[in-house]
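What follows is a single structure, written as structure tokens, with notes after it.
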Amino acid sequence: MIEVHRSKVFYARARAMRVLPTFRRLPAEGPVRLTLVKAEKVLNKRADAGSIRCAVAASIIAAILAKNHVAGREYFGRVWTLAERMARFGRNEGLCQWLSLESWLGMVVDAMLKLTEDKTSSVIYKKMLGTKAADLLEAVLAPLAAAVRVGSVQTPAAEGLEAKVAELCMAAVSVWLSPNLLAEAPTSNWLHTYLGEEARSGVYQAWREADRVWAIYSYFCWKKNMDRSAVGLRIALEALVDIAAGDRSTYVRGMFAQLGVDANATPVMEIIPQPGKQTRPSSSSCSASRPPSAGGPPSVWPPSAHTQVLYPSALSSVRIGPNAALNDKYTVRFVANSPDVGAVQADYPAPPSCLIYYFEVMVVEPGSNGTIGIGFTHSNHDVTRHVGWDAGTFGLHGDNGETYFEGCSEYYGFKYGKGDVVGAALDFQRKEIFFTKNGTKGKAISISISQALYPTVSLRSSGGFVSVNFGQKPFSFNIDPFKIKVGGKVAIKSTSVDAAMGLQVGHGGWGSSMAKMLGKPGVVESVDMDGDVRVKMDDGSGSMLWNPALVLPNAAMLSPFAAVEDMLALAAGQGV
């Protein structure tokens with residue numbers, strides 16, 4: 001368990017805060033910046049040796065240096081407090097499902113900056129970081145303070161400082177990825193006050209995305225309502241419309257349509273008592289349905305069987321960069337001779353309820369240099385940037401055949417160009433992405449899915465022109481065998497009992513007979529609203545509910561090339 005302050009005094013102070021978050025600028029030059037630059041180089045060297053976490057940490061440090069500012073402790077402490085308290089309702093969540101890695105490592109940099117000035121402020125940082133990272137922070141403070149005092153890192157006291165900072169960043173990444181539970185949760189009155197009165201005082205601006213607040217409030221309502229009724233979602237949306245202003249209000253209203261909620265119905269807030277509001281009788285009512293419990297990160301909401309699920313159906317005329325132009329709702333071209341990228345997203349994000357989402361792009365004209373990207377990006381993606389360049393985005397580029405996952409690149413296995421049909425699959429069950437070319441599947445790569453992801457195409461090639469297939473016509477690649485559906489043949493992943501038991505927590509639990517089912521085939525009997533899969537084993541050993549991460553589609557149904565690849569992976573216990 002990550003150590004945090006839990007005293008009433010701490011929470012009272014956190015709840016009472018009415019100020020905007022502080023964003024601390026990095027010094028333009030000097031020991032701190034130079035140390036970070038050197039630490040980035042250390043991390044890159046380790047990344048070249050095969051450390052994925054080092055590569056990720058290096059890219060984040062590079063982004064922080066490029067932006068020249070980090071979110072201060074006040075911002076982070078606020079978010080930490082809410083996330084930590086929300087988890088009391090039983091969500092098995094870590095920091096990675098509440099904060100971006102850039103915000104988290106930015107807090108570490110902020111700690112380095114502040115603690116060179118006032119070492120007494122280290123207590124809160126150490127509580128946030130946990131024991132190992134806190135010890136590494138302590139080891140950095142004295143040499144960094146000495147370097148700041150003399151204005152140079154060329155002092156005996158600062159020898160090896162960049163390696164210590166690199167170790168600190170790596171430890172912080174491990175904490176961010178830790179499955180340790182956050183604890184505590186707010187009361188109804190507290191959360192209503194937080195999103196209402198305090199929001200108008202400026203705290204709302206501490207959240208950089210309207211959907212972050214929407215997700216938190218929606219999650220709270222769904223978990224708080226014992227009957228899990230759809231009314232909770234209406235409460236959330238209406239409360240946010242009441243709280244939000246300007247563009248935020250417009251954004252939240254857009255969530256009504258995406259979630260199949262009637263925006264013109266009598267407001268639920270008028271017929272359900274809320275803190276501080278008078279209740280007015282109404283003859284209107286909402287039909288109750290049973291939406292799912294939040295089975296994924298807070299910003300991802302699998303709709304219930306009674307809620308309209310909206311799939312990506314066209315390229316967006318709004319989520320498009322100035323260097324890209326639509327010929328129609330399925331085709332986009334690069335329209336400038338510019339170093340900037342032209343990216344375009346789909347009209348809706350990939351819905352988690354489909355468990356695996358797939359789309360394809362045909363390269364009509366690769367343009368002068370063939371720089372084209374396909375993949376997935378979040379709602380706030382900069383549409384003058386390639387898919388995969390930034391945190392929370394994942395893409396495959398045609399000119400060099402490299403995947404770009406949150407800024408880190410690696411050769412994937414194939415390039416693509418004129419006439420090629422390239423596909424991207426987002427697997428919500430196993431938290432993986434894989435790409436296809438002309439009907440052949442590439443390897444699957446593990447990712448972190450912490451927010452809604454939009455199918456995205458990006459171009460930076462004069463004359464580049466592509467056509468996107470969202471399923472309006474048959475795909476080049478047969479995605480159906482990869483989908484888990486009732487009646488389908490599957491196999492339980494061959495893995496260790498300890499690993500399987502860990503994955504089963506919150507997904508039906510573990511029974512003594514399940515160990516014998518690992519690596520065995522069966523038939524899907526049902527898939528519940530959380531995505532958990534009930535499988536009847538072929539050998540008659542029983543029927544059990546499994547975490548979808550442990551259920552693999554039948555490799556024998558795949559294309560010959562992919563079947564060999566995936567059966568080898570299954571034998572190695574890696575899955576599809």
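Sequential numbering from 1 applies to the sequence shown in the UniProt record's numbering.
Note that CB positions come from ideal geometry on N, CA and C, so glycine has one too.
TODO: Would you mind reading off the limits of the beta strand (DSSP E) that contains Gly442?
DONE: On the sequence shown, residue 442 is found 442 positions in, with the first residue counted as 1. Counting along the chain, the beta strand (DSSP E) containing Gly442 begins and ends at 440-446.
TODO: Starting from the Cα of Ala391, find the closest Cα among Ile356, Tyr404, Cys354 and give me that residue.
DONE: Numbered from its first residue, the sequence shown carries residue 391 at position 391. Selected option, being the one with the closest Cα: Tyr404.
TODO: Could you name the residues of the same chain whose beta carbon sits closer than 7 Å to that of Ala47, not counting the 5 residues immediately before and after it, in chain order?
DONE: Reading the sequence shown from its first residue, position 47 is the one you call residue 47. Shown here for Ala47: same chain residues with a beta carbon closer than 7 Å to its own, the five before and five after excluded, namely Cys54, Ala55, Ala58 in chain order.
- [ ] Under 8 Å by Cβ, that's how I've got Val524 and Gly487 pegged, so tell me the actual separation to the nearest angstrom.
- [x] Working through the sequence shown from its first residue, we reach residue 524 at position 524. Working through the sequence shown from its first residue, we reach residue 487 at position 487. Going by Cβ atoms, the distance from Val524 to Gly487 rounds to 6 Å, so yes, they are a contact pair.
Open item on the list: Only counting the same chain, and skipping five residues up and downstream in sequence, which positions put a Cβ closer than 8 Å to that of Lys485?
Closed with: Against the sequence shown, residue 485 aligns to sequence position 485. Only Val524, Val527 meet the Cβ criterion.
Task: Counted within 10 angstroms of its Cβ, other Cβ atoms place Leu161 as buried (16 or more) or exposed - done: Taking the first residue of the sequence shown as position 1, residue 161 is located at position 161. So Leu161 counts as buried.
- [ ] Just mark Glu432 as buried or exposed, buried being the case when its beta carbon has 16 or more other beta carbons within 10 Å.
- [x] In the sequence shown, residue 432 corresponds to position 432, counting from 1. Its Cβ being crowded by 16 or more others within 10 Å, Glu432 is buried.
Open item on the list: DSSP has Gln345 in a bridge; who is on the other side?
Closed with: Within the sequence shown, residue 345 is the residue found at index 345, counting from 1. Partner(s): Thr456.
Open item on the list: Out of Val421, Val70, Leu453, Val457, which one is the CA nearest neighbour of Val341?
Closed with: Walking along the sequence shown from the start, residue 341 turns up at place 341. Among Val421, Val70, Leu453, Val457, the Cα nearest to that of Val341 is on Val457.
Task: Simplified DSSP state of Phe475, which is helix, strand or coil - done: Residue 475 sits at position 475 when you count from the first residue of the sequence shown. Three-state DSSP puts Phe475 in coil, outside helix and strand.
- [ ] Whole angstroms is fine: what's the gap from Leu144's alpha carbon to His397's?
- [x] The residue you call residue 144 lines up with position 144 of the sequence shown. The residue you call residue 397 lines up with position 397 of the sequence shown. For Leu144 and His397, the distance between alpha carbons rounds to 40 Å.
Open item on the list: On the CB-based measure, 16 or more other CB atoms within 10 Å of its CB, does Met501 come out buried or exposed?
Closed with: Here the question's residue 501 lines up with position 501 in the sequence shown. Classification of Met501: exposed, given that the 10 Å Cβ count is below 16.
- [ ] Tell me whether Ala49 is buried or exposed, calling it buried when 16 or more other Cβ atoms sit within 10 Å of its Cβ.
- [x] Sequence index remark: in the sequence shown, residue 49 carries index 49 (1-based). Exposed, by the Cβ-count rule.
TODO: Please report how far the alpha carbon of Gln504 lies from the alpha carbon of Thr495, in whole angstroms.
DONE: Position 504 of the sequence shown holds residue 504. Position 495 of the sequence shown holds residue 495. Distance between the alpha carbons of Gln504 and Thr495: 13 Å.
Open item on the list: Given this structure, state the Cα-to-Cα distance separating Arg430 from Gly542, to the nearest angstrom.
Closed with: Stepping through the sequence shown from its first residue, residue 430 is reached at position 430. Stepping through the sequence shown from its first residue, residue 542 is reached at position 542. Arg430 and Gly542: Cα-Cα distance of roughly 24 Å.
Open item on the list: With distance defined between alpha-carbon atoms, name the residue in Val535, Leu550, Ala111, Leu552 nearest to Met544.
Closed with: For the purposes of this step, residue 544 is taken as residue 544 along the sequence shown, with counting starting at 1. When each option's Cα is compared against that of Met544, the closest is Val535.
Task: Residue of Thr155, Gly151, Val165, Ala157 minimising C-alpha distance to Asp110 - done: One-based indexing of the sequence shown puts residue 110 at position 110. Checked all of Thr155, Gly151, Val165, Ala157; the closest Cα to Asp110 is Val165.
TODO: Could you check which residue in Val173, Ala158, Ile447, Glu138 has the C-alpha nearest to that of Leu43?
DONE: Reading the sequence shown from its first residue, position 43 is the one you call residue 43. If we check each option's Cα against that of Leu43, Val173 comes out closest.
Open item on the list: Out of Pro455, Thr440, Phe435, which one is the CA nearest neighbour of Ser446?
Closed with: Residue numbering aside, residue 446 sits at position 446 when the sequence shown is read from its first letter. Cα-wise, what sits closest to Ser446 is Phe435.
Open item on the list: Here's the rule I'm using: 16 or more other beta-carbon atoms within 10 Å means buried, otherwise exposed. How should Val468 be labelled?
Closed with: Here residue 468 corresponds to residue number 468 of the sequence shown, with the count starting at 1. Counting Cβ neighbours within 10 Å, Val468 comes out buried, since at least 16 surround it.
TODO: Output yes or no for whether 8 Å exceeds the beta carbon distance between Thr371 and Gly321.
DONE: Residue mapping note: residue 371 aligns to position 371 of the sequence shown, counting from 1. Residue mapping note: residue 321 aligns to position 321 of the sequence shown, counting from 1. Between Thr371 and Gly321, the gap from beta carbon to beta carbon reaches 8 Å or more.
- [ ] Using 10 angstroms around the beta-carbon of Ser512, count the other beta-carbons present and answer buried if the total reaches 16, otherwise exposed.
- [x] For the purposes of this step, residue 512 is taken as the residue at position 512 of the sequence shown. Exposed, since its Cβ has fewer than 16 Cβ neighbours within 10 Å.
TODO: Name the residue from His507, Gly519, Tyr357, Gly540 whose alpha carbon lies nearest to the alpha carbon of Trp546.
DONE: Position 546 of the sequence shown, counted from the first residue, corresponds to residue 546. If you compare the alpha carbons of His507, Gly519, Tyr357, Gly540 with that of Trp546, the shortest gap goes to His507.
Task: Check: Asp427 C-beta below 7 Å from any heavy atom of the ligand FMN - done: Questions concerning the ligand FMN fall outside what the structure shown contains, since it holds no ligand whatsoever.
TODO: Look up Leu181 in the DSSP assignment and say whether it is helix, strand or coil.
DONE: Here the question's residue 181 lines up with position 181 in the sequence shown. Unreliable placement is indicated for Leu181, whose pLDDT of 45 sits below 50; the coordinate value is still reported in the next sentence. Reduced to three states, the DSSP call for Leu181 is coil.
TODO: Kindly list the residues whose CB is nearer than 6 Å to the CB of Val421, restricted to its own chain and excluding five residues on each side of it in sequence; keep chain order.
DONE: Against the sequence shown, residue 421 aligns to sequence position 421. Once the five neighbours on either side are set aside, the close Cβ partners of Val421 are Glu360, Met362, Asn438, Ser476.
Task: Residues near Arg25 in its chain [Cβ-Cβ closer than 8 Å; skip 5 each side] - done: Here residue 25 refers to the residue found at position 25 when the sequence shown is read from its first residue. The answer, listed in chain order, is Asn68, His69.
Open item on the list: Using a Cβ-Cβ cutoff of less than 6 Å, which residues in the same chain neighbour Pro27 once the five nearest sequence positions on both sides are dropped?
Closed with: What you label residue 27 is simply residue 27 of the sequence shown in a count that begins at 1. Arg33, listed in sequence order.
TODO: Output the distance between the C-alpha atoms of Ala157 and Glu138, rounded to the nearest integer angstrom.
DONE: Position 157 of the sequence shown, counted from the start, is the residue given in the question as residue 157. Position 138 of the sequence shown, counted from the start, is the residue given in the question as residue 138. Rounded to whole angstroms, Ala157 to Glu138 spans 14 Å at the Cα level.
TODO: Find the nearest neighbour of Glu167 within the set Val150, Ala142, Lys132, judged by alpha-carbon distance.
DONE: The residue labelled residue 167 in the question sits at position 167 within the sequence shown. Looking at the Cα atoms, Lys132 is the closest of the given residues.
Task: Continuous beta strand (DSSP E) assignments of at least 3 residues falling wholly in the stretch 513-549 - done: 521-527, 533-537, 543-546
TODO: Classify Gly106 as helix, strand or coil using the three-state DSSP reduction.
DONE: By one-based count along the sequence shown, residue 106 stands at place 106. In the structure shown, Gly106 sits in a helix (DSSP, three-state: H, G or I).
- [ ] Measure from the alpha carbon of Asp387 to the alpha carbon of each residue in Ala425, Val344, Gly417, then state which is nearest.
- [x] Along the sequence shown, one-based indexing puts residue 387 at 387. Before going further, note that residue 387 is Val rather than Asp in the sequence given. The residue with the shortest Cα to Cα distance from Val387 is Val344.
TODO: Take Cys169 as the anchor and find which of Ala146, Ala39, Glu159 has the nearest alpha-carbon.
DONE: Here residue 169 refers to the residue found at position 169 when the sequence shown is read from its first residue. It is Ala39.
Open item on the list: Can you check which of these residues, Glu410, Ile356, Thr393, Gly442, is closest to Ala549 by C-alpha distance?
Closed with: Stepping through the sequence shown from its first residue, residue 549 is reached at position 549. Of the listed residues, the one whose Cα sits closest to Ala549 is Ile356.
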